[in-house]
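A.B. asks: Pasting a structure here, questions to come.
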Amino acid sequence: MEIKTLSLIAIIILLLYYIQSQKAELTLTPVVLWHGMGDTCCLPFSLGHIATVIKENTAGSYVHSLKIGGNLIDDYKKTYPQPLTGLVGDPETSP
């Protein structure tokens, strides 16, 4: 083989190695979802579906849907009577 051909092959190999190393360093942005009034964190036809769509379309980003309360019923009920400032410091809303 000619020197030019060997040089071209070496450059291609280095370029492919560089591209592969850049893919490995790709970082995904985590996503936090907080539902609105009358919704819950995790129902598959609601915000749970949105979380799934984000995961599927972002190569598996970490998605956390906030649950305000100990279960889905509390999560639903706490969206109505309490303003956001009332949720701060509530032990049930802490992770």
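Counting with mature numbering (1 follows the signal peptide of the UniProt record, and there is no 0), you get residues -24 to -1, 1 to 71 for the letters of the sequence shown. All residues carry an ideal CB built from backbone N, CA and C; glycine is no exception.
Going by beta carbon distance, what residues of the same chain come within less than 7 Å of T34, once the five residues before and after it are set aside?
C.D. replies: Within the same chain, Cβ atoms closer than 7 Å to the Cβ of T34 are found at L4, the five residues on either side in sequence being excluded.
A.B. asks: Quick one, are the C-beta atoms of residue 98 and K54 less than 7 Å apart?
C.D. replies: Beyond the ends of the chain as shown, which are -24 and 71, falls residue 98; an answer cannot be given.
A.B. asks: Measure the C-alpha to C-alpha separation of K43 and L(-9) and round it to an integer number of angstroms.
C.D. replies: 44 Å
A.B. asks: Can you tell me the Cβ-Cβ gap for C18 and L(-19), rounded? I've got them flagged as a contact below 8 Å.
C.D. replies: Not confirmed; about 58 Å, so no contact.
A.B. asks: Give every residue of the same chain whose Cβ lies closer than 6 Å to the Cβ of T16, excluding the five residues on either side of it in the sequence, and list them in chain order.
C.D. replies: L48, D51 and Y52
A.B. asks: If we ignore side chains and look at the alpha-carbon of each, how far apart do S22 and V7 end up?
C.D. replies: 16 Å
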